[in-house]
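Chains A and B supply the protein sequences, listed in that same order. If you count the first sequence from 1, position 40 lands on 40 in the working numbering, and the numbers rise without skipping. If you count the second sequence from 1, position 127 lands on 127 in the working numbering, and the numbers rise without skipping. A quick write-up on the structure given underneath.
There are 2 protein chains.
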Amino acid sequence: MARPGSEHPTELELEILKILWDESPLPVRDVRARLEAQAARPLAHSSVITTLNIMFNKGFVKRKKDGKSFLFSPKLQKKAVTGGIVGDLLSRVFDGSSSALVMNLIETADLDSEELAALRKLIARKAKEQQQ
Amino acid sequence: MARPGSEHPTELELEILKILWDESPLPVRDVRARLEAQAARPLAHSSVITTLNIMFNKGFVKRKKDGKSFLFSPKLQKKAVTGGIVGDLLSRVFDGSSSALVMNLIETADLDSEELAALRKLIARKAKEQQQ
DNA sequence: ACAAATCATCTAATTATTTAGATGATGTTA
DNA sequence: TAACATCATCTAAATAATTAGATGATTTGT
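Below you can see the structure in the form of structure tokens.
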């Protein structure tokens, strides 16, 4: 009875990817420091490097030897990852309906008038592209 | 060294919640049948009821005794669950920026002109509400 | 040169999540 | 009534995810 893994990054993995999206390449030491400082996750050095190596084996990050340490970088773009998570949410909960999710977000999110205006523009642009 | 659980439903739990959102209350027998038919997850009866009871303990579902079986219903609304997952994604990846995620979705989603028109209306309504 | 710091590797442990068979109780059908 | 079907409970096991200390190697600082 196998427990299936997930195709998406786990919560800790997502935290680490975010750190690397913000700045990379980074050595483990720095990833560990930022996990503690930015994500309130104080982990031992070996906990962090273990997770990073698992992520490397999963194809989420690249690593490059630098002296005796490794520098890690994200291999997946932010959009690809969020697209995957959200796409999954779509197919599971919204029967694949993107617009239902987008509407749900717009209804629940706290958007100010500038953000709404920007969205309006984007939608107008999308609609225009569709007519061509 | 505890391994933290997640505050969100796991992938299987989300599949089960979807089934219950579509129709509830449901007995375990029916949940199991739909997992197999709709989610291509053929699990043993006891696997399903174990997961449902874990979900009950987590506060995700309600259950009511009916004869010798239990009927399960969702306790959380779809919006609350997706809002939680997406809110988490926001805070981890988009620094809390709802509009960035919504824009990301609009750009990547395959929306037809009717859907775009509906979004435009919703945004207009939101903008109007904000002026009051 | 020696001590301390840094680093990866190895090994181990905990917990969550998943999966399921055996068992006993209950209900239904022949 | 007996056999069968259905159901929850109990027990067990596999795997993923997480966490971390011990160890040896390398680098840095005194």
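Built from N, CA and C at the ideal position, the CB exists for glycine as well. Fair warning: this is a prediction, and the values are worked out from it, not measured in the lab.
- prompt: Which whole runs of the beta strand (DSSP E) in the stretch 36-75 of chain B are 3 residues long or more, in chain order?
  reply: 61-66, 69-74
- prompt: Roughly how many whole angstroms lie between the Cα atoms of B:Gly5 and A:Val102?
  reply: 28 Å
B:Met55, buried or exposed, once every other Cβ within 10 Å from all chains shown has been counted against 16: A residue is called buried once 16 or more other Cβ atoms fall within 10 Å of its Cβ, and B:Met55 is buried on that count.
- prompt: Out of B:Ala117, B:Lys126, B:Glu15, which has the shortest C-alpha to C-alpha gap to B:Phe60?
  reply: Per the Cα distances, B:Glu15.
message: Below 8 Å, how does it come out for the stretch 124-132 of chain A and the stretch 37-53 of chain B: are there three or more Cβ pairs, yes or no?
response: Not touching, per the Cβ criterion.
- prompt: Touch check for the stretch 100-114 of chain B and the stretch 94-114 of chain A: three-plus C-beta pairs under 8 Å?
  reply: In short, these stretches touch, since the Cβ pair count reaches three.
message: Buried or exposed, going by whether 16 or more other CB atoms sit within 10 Å of the CB of B:Pro9?
response: buried
message: Just to confirm before moving on: does the CB-CB distance between B:Ile49 and A:Leu119 stay below 7 Å?
response: In terms of Cβ geometry, B:Ile49 and A:Leu119 do not form a close pair [threshold 7 Å].
query: Would you report the Cα separation of B:Gln131 and B:Ser24, rounded to the nearest angstrom?
result: B:Gln131 and B:Ser24 have their C-alpha atoms some 40 Å from each other.
task: Put A:Leu111 into one of helix, strand or coil per three-state DSSP.
output: In the structure shown, A:Leu111 falls within a coil segment according to DSSP collapsed to helix, strand and coil.
- prompt: Can A:Pro27 and A:Leu71 be called in contact, C-beta distance under 7 Å?
  reply: One thing to note: A:Pro27 has its Cβ within 7 Å of the Cβ of A:Leu71.
- request: Excluding the 5 residues preceding and the 5 following A:Lys78 in the sequence, name in chain order all residues of the same chain whose CB lies nearer than 6 Å to its CB.
  value: Trp21.
- prompt: What are the boundary residues of the alpha helix (DSSP H) that B:Asp95 is part of?
  reply: It is not in any alpha helix (DSSP H) - B:Asp95 carries neither H nor E in the DSSP assignment.
task: Please confirm if A:Leu105 has its CB atom under 7 Å from at least one CB of chain B.
output: It does; some Cβ of chain B falls within 7 Å.
message: Is there a C-beta anywhere in chain A that falls below 7 Å from the one on B:Leu43?
response: no
- prompt: Span of the alpha helix (DSSP H) holding A:Glu7?
  reply: Per DSSP, A:Glu7 belongs to no alpha helix (DSSP H) and is neither H nor E.
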